[in-house]
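**Student:** One structure is given below, represented as structure tokens, and several questions about it will come after.
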Amino acid sequence: MTAVGTAVTVTDFRALARRRLVLGVAVVVNVLVVPGLAVAACAVADVAASATVGIVLAAAAPGGGTGALLTLHARGDLAVSAALQAALAPLGLASVPLWARLSGHDVVPSGWAGAGLVLGALAGQVAPLAVGMWLRYRDRKRADRVHRVARRVADVLLVALVVYFAVTAGGQLPSLGWQPIVVIAFLVLVCLSVTAIPLGRTPERRAVGMTTAVRNLSLALFFATSVGDTVVVALLAYGLLMYVVSVPVAVRLGRASV
């Protein structure tokens, strides 16, 4: 978020007032369309109950923290992505247990612990974003130097995150069966397809697509801890496929013309 903050301005956020339709559609897609598709796809593919819970929890948890970083790589609208992350994370507190219940499974209510998790994650996003924006306002050249360093560090951390998912979930993918893998890949591709639909300008579509593709797996795992091991494996598998598919797409988009 420091890398994002040093590349965005207050003016960019003020311009969001003219993009309310884009933001509104993005919220609907994240909170209603993606989890709804997850429930339907799991039913059609006859996914096992425990794996279904994991997939639905991930699909119903919007606002993942690395969406803005992928938007940066895809040369998307950073203000749109950052605003969506901030708006979607709290909505996940309601959407995750609701969609789990609609799919036929009850999860532990979030309570204050869930609220604390979301607030802590938001603080971890907003604080470095604000610092980066302040630095850009005060000293553009220094902000550019910080941006280059912060972006490299963020990329290293992203690679480490992908490796983590590969180590923890890679060897357990066969135990899930092919149906959950196909459903997860389908959901990720649906999220990324937002970059190609006629919704606002190209940078806005890229921002919505990247932010939608990255689900808030920390929040999903919070609800899944008491459900069962297979649920957690499905969530980790979702994280692995999410990044394996989304990162190359973001890099490819970043090399294409806007």
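Here our numbering is used: the first residue of the sequence shown is 1, the next is one more, and so on. Yeah, the Cβ is synthetic: ideal placement off N, Cα and C, and Gly gets one too.
If we ignore side chains and look at the alpha-carbon of each, how far apart do Pro264 and Ala130 end up?
**Tutor:** Given a span of 1 to 258 for the chain in the structure shown, any question on residue 264 remains unanswerable.
**Student:** Rounded to whole angstroms, what is the Cα-Cα separation between Leu221 and Gln85?
**Tutor:** 18 Å
**Student:** State yes or no: is the C-beta of Val233 within less than 9 Å of the C-beta of Val53?
**Tutor:** In this structure, the beta-carbon distance from Val233 to Val53 does not fall below 9 Å.
**Student:** Which first and last residues belong to the alpha helix (DSSP H) in which Gln85 is found?
**Tutor:** Unbroken alpha helix (DSSP H) run through Gln85: Leu78 to Leu102.
**Student:** Under the three-state reduction of DSSP, which class applies to Val47: helix, strand or coil?
**Tutor:** coil
**Student:** What's the call for Ser81, buried or exposed, on a 16-neighbour Cβ count within 10 Å?
**Tutor:** Classification for Ser81: buried.
**Student:** With 16 as the cutoff for other CB atoms within 10 Å, does Val44 come out buried or exposed?
**Tutor:** Counting the other CB atoms within 10 Å of its CB gives Val44 a total below 16, which places it among the exposed residues.
**Student:** Between the beta-carbon of Leu88 and the beta-carbon of Leu173, is there less than 9 Å?
**Tutor:** no
**Student:** Can you give the Cα-Cα distance for Arg99 and Asp139, rounded to whole angstroms?
**Tutor:** Reading off the sequence shown, one finds Trp at residue 99, where the question assumed Arg. The alpha-carbon atoms of Trp99 and Asp139 are separated by roughly 46 Å.
**Student:** Could you have a look at Thr293 and say whether DSSP puts it in helix, strand or coil?
**Tutor:** The structure shown has nothing for residue 293, since the chain only spans 1 to 258.
**Student:** When DSSP labels each residue in this structure, what does Pro248 get in the three-state scheme?
**Tutor:** Shown here, Pro248 sits in a helix according to DSSP, grouped into three states.
**Student:** With burial defined as no fewer than 16 other Cβ atoms inside 10 Å of the residue's Cβ, what is the status of Gly92: buried or exposed?
**Tutor:** buried
**Student:** Looking at C-beta atoms only, is the number of pairs between the segment 32–50 and the segment 68–78 that lie closer than 8 Å three or more?
**Tutor:** no
**Student:** Whose C-beta lies closer than 6 Å to the C-beta of Val162 among residues of the same chain, with five residues either side of it excluded?
**Tutor:** Excluding five sequence positions before and after Val162, the CB atoms of its chain that fall closer than 6 Å to its own CB belong to Tyr243, given in chain order.
**Student:** Sorted by chain position, which residues of the same chain lie with C-beta nearer than 7 Å to Leu236's C-beta, five sequence neighbours on each side aside?
**Tutor:** Phe165, Thr168 and Ala169
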